[in-house]
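One structure below.
See the structure below:
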C-alpha cells in the first residue's frame, strides 16, 4: 500500500510552472501597470511567499493587515522554485 508523505506542498503547478502568492501593499497597483515588481523591491522588509492562495489570504488577515492589502499570484519556473 502506498504511504503518502507526511509533509507536502499543495500548490497550483504544471510540469514547468509553479504559482506562488505574495501579499503586497496597495502600492502594487502601479507596478501592475508596468508588469514588473522592480518598483516594489525592499531590501529592509522580510516577505513571505506561499504556494497556497488561501493560506496567504489568511496570513494577510484577508487583505486587511497594513501593507498586505493585495495578494498577487506570481508564476515561477519549477526549476527556480525547487
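Numbering (this note's numbering), first residue to last: 895 to 976. Built from N, CA and C at the ideal position, the CB exists for glycine as well. Treat the numbers as computed from the prediction; the structure is a model and nothing was measured.
**Message:** With DSSP as the reference, identify every bridge partner of residue 967, one or two as the case may be.
**Reply:** Partner residues in the beta bridge of residue 967, as assigned by DSSP, are 915.
**Prompt:** When we look at the beta-carbon of residue 921 and count the other beta-carbons within 10 Å, is it buried (16 or more) or exposed?
**Reply:** For residue 921, the number of other beta carbons within 10 angstroms of its own is below 16, and it is reported as exposed.
**Item:** Neighbour flag for residue 905 against chain C, beta carbons, 8 Å
**Value:** Absent from the structure: chain C. Only one protein chain is present.
**Prompt:** Of all the options 912, 905, 924, which has the alpha carbon lying nearest to the alpha carbon of residue 949?
**Reply:** Checked all of 912, 905, 924; the closest Cα to residue 949 is 905.
**Asked** In this structure, does DSSP put residue 896 in helix, strand or coil?
**Response** In this structure, residue 896 counts as coil in the three-state DSSP scheme.
**Asked** Alpha carbon to alpha carbon, how far is residue 963 from residue 895?
**Response** Note on geometry: alpha-carbon atoms of residue 963 and residue 895 lie some 45 Å from one another.
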